[in-house]
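Structure first, then comments.
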């Protein structure tokens, strides 16, 4: 099923949960959605008697203590329970609620109800409508609230509970939305595993061939999949730009599918902020002020939903992301080695995008919550100075300010140009927000601490797994339970960082974070995409090969060390990983791997894994940039074409270091005509696999590269396209793939062409 349809199916359920925003007597149908808390009738009696003064109450500013030490008030409360609670069980629960409140807020345990059940007081009690009586009157006999006063108190508390239920119910609904998306991901993962190695006709249970490059008919299901991939799944939301920044570098444009998921999430939050409020006809808390009652409920709704969003925000921020493990979301934002000093985003772009939108929504909810309570405080006649003197108020305002400050300090230009500054500010402001929120909800006596502890738990879980990954690779490393890196390189080329770690078998698509513990900033870690791996000498470990295009920061420091050491130096590092997703391209007949610059590190493992059916197209600035890789990882490729953009007249010899690279059917005959010395010399220059290795000058249009791969397909063969490179190249390719979906000449159906994007992401 299309992923966006599943969360949309929740809309009718959400609408069923919406109550009418009007009066809510306790006899209304809203009780279907609300489990009444025990002792509500007792709390109603307590509220109805709240403003009544008795002559035996001690002088104290704590009204709960005054009630607890007044025999007249306690006797009146028990009498109210006996009259209005419907059963002995309700009476017991009601008194328990009153007793708990007096002990919790007044510090006095008043004992069992039998101590205060007095027949004389009951007979002499005055029936008073406490809502309209003069609160200055002091009574020396018991008071029983009039039916009107009790009903208003009960309905007020009932409505409060009803609104609280919807505050939290809407928050829980957001988690249901996430669970639906995770379930969809699990189903997709299972379906993909089931289909692995099968052709489209085998999967669909039909024998009809597909229309496309082969010119055959297409099934209805195939046409739908093609339409979905061409219209929803692949294109950018609007226009052409997706990976590249838009809006003068400030904006990131999602795909249509990503935008749809975000829109559903944001839409639910917006709707839940504005609907589902119930207002009483009369209120004991806000008599005659329905506007104030509504504002109070809006303030509570936004604050509570903000707290529900916080664990989701933290869950989407970590490297060790459970949501990612459970789903097939694969819009990866792999680290560009050419920019690895800036440590870009490594979570899948869809999750990272969702993280940013959750942050924006939660921050907006916090702002509305703060402004609403500010208005309520001023409306009660309180000054800003008196509000600031309250710890919960001051801590809440500062926490909101910290959340707001995080938004401009997380803009894309700052992430790109000063990532370490962004990261440190992000961590410390987020930590400060949690601490401030603990103090903000301290007055709630732990009722809201669970959400904050969940955030800290998610953070600790992520950090713990990070350290475990580092320890796993370093503890059994060949060289003294630590990892040693060998950095080599030549001017204008890629740096090769070879790191010996504990024995492991990384899959294609893996990337790691490298720490330099002996540097001035040992806590910094920089992402490196794995280019290749091989057993270490002696077979006791694994050597991981990373390729880096030096720019600035950490990569420039490594390049300077290599240059100063004459092209080769040793350095101590710690490695954390592996991360990333392995794209299963084994079920495809042909695999097109496209790389731009240092993005080749993402495709090299797939080139090795799918050697016999992979075509590699690599765009580089100069021949020296590619020479080391071409002589090692790409030397065994069956088909590879290197395009050099800043150097004219490039030949295969400049890149591959060999004179003749085209395999042909006449090779044996030509070889037989050569002398023995010439034949031996040429054989040394051509890899034993006899590949087709090409090189040329210029930047190829992505449409042409894709069209050439499509033209090689025979019959109903399937093509996987996997790419990693600079933003503009990736957007060009995404557009080309979108246009290639179809059932016309030179096009492929959606189940014959699949695009995997490992884009540089922020």
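Numbering (this note's numbering), first residue to last: 751 to 1512.
Note that CB positions come from ideal geometry on N, CA and C, so glycine has one too.
- Inter-residue distance for residue 1500 and residue 910 is about 52 Å (C-alpha atoms, whole angstroms).
- When C-alpha distances from residue 991 are compared across 1252, 1213, 1478 and 815, the shortest belongs to 1478.
- Going by beta carbons, residue 815 and residue 856 fall inside the 8 Å limit.
- For the set 1469, 1484, 1443 and 1466, the Cα lying nearest the Cα of residue 1451 is the one of 1484.
- As the crow flies, the alpha-carbon of residue 1277 is around 45 Å from that of residue 915.
- Annotated three-state conformation of residue 1508 is strand, per DSSP.
- Assigned with DSSP and collapsed to three states, residue 870 falls in helix.
- For the 8 Å CB-CB criterion, residue 1045 and residue 1126 form a contact.
- Take residue 1067, set aside five residues on each side of it, and the residues of its chain with a beta-carbon closer than 7 Å to its own are 1105, in chain order.
- In terms of Cα proximity to residue 1465, the closest of 821, 1340, 896 and 1024 is 1340.
- Scanning 854, 985 and 1058 for the CA closest to the CA of residue 1006 turns up 985.
- Burial of residue 1266 is indicated by the presence of at least 16 other C-beta atoms within 10 angstroms of its C-beta.
- Close CB contacts of residue 1113 within its chain, under the 7 Å cut and outside five residues either way in sequence, are with 1153, 1154 and 1157 (chain order).
- Check the Cα spacing between residue 1221 and each of 1328, 1312 and 1144: the tightest is with 1328.
- Annotated as distal: residue 1262 and residue 1215, with beta-carbon spacing of 8 Å or more.
- Comparing alpha-carbon positions, the option among 849, 1343, 824 and 788 lying closest to residue 835 turns out to be 788.
- Residue state for residue 1503 is assigned as strand, using DSSP reduced to three classes.
- With a cut-off of 8 Å on Cβ pairs, the stretch 1204 to 1219 is not in contact with the stretch 1165 to 1175, counting fewer than three such pairs.
- Following the DSSP letters along the chain, one finds residue 1192 in no beta strand (DSSP E), marked with neither H nor E.
- According to the DSSP assignment, residue 1450 belongs to no beta strand (DSSP E), since it is labelled neither H nor E.
- Leaving aside the five residues that flank residue 1256 on each side, the residues in its chain whose CB is nearer than 6 Å to its CB run, in chain order, 1280, 1283 and 1328.
- With a cutoff of 8 Å on beta-carbon distance, residue 1060 and residue 1178 are scored as not near each other.
- Separation of residue 1371 and residue 1443 (C-alpha to C-alpha, rounded to the nearest whole angstrom) is 18 Å.
- Straight-line measurement puts the Cα of residue 1027 at about 38 Å from the Cα of residue 1069.
- Boundaries of the beta strand (DSSP E) around residue 1368: 1364 to 1370.
- The beta carbon of residue 996 sits closer than 6 Å to the beta carbons of 1003 from its chain, once the five residues preceding and following it are set aside; these are given in chain order.
- Between the beta-carbon of residue 1101 and that of residue 1071 there is about 6 Å, and that keeps the pair under the 8 Å contact cut.
- Counting along the chain, the unbroken beta strand (DSSP E) around residue 1275 starts and ends at 1275 to 1285.
- Nearest in C-alpha terms to residue 1300, of all of 1348, 1336 and 1468, is 1348.
- Between residue 831 and residue 792, the gap from beta carbon to beta carbon is short of 8 Å.
- Secondary structure of residue 898 (DSSP, three-state): helix.
- With contact defined as three or more Cβ pairs closer than 8 Å, the stretch 1305 to 1320 and the stretch 1355 to 1369 are not in contact.
- In this structure the stretch 1376 to 1387 lies against the stretch 1349 to 1361, because at least three pairs of beta carbons, one per stretch, are closer than 8 Å.
- Note on the stretch 1295 to 1346: whole alpha helix (DSSP H) runs with a minimum of 4 residues are 1304 to 1314, in chain order.
- Across the structure, residue 1076 and residue 1303 are spaced so that their CA atoms are roughly 35 Å apart.
- Relative to residue 1116, the option among 1058, 1322, 1271 and 933 whose CA is nearest is 1058.
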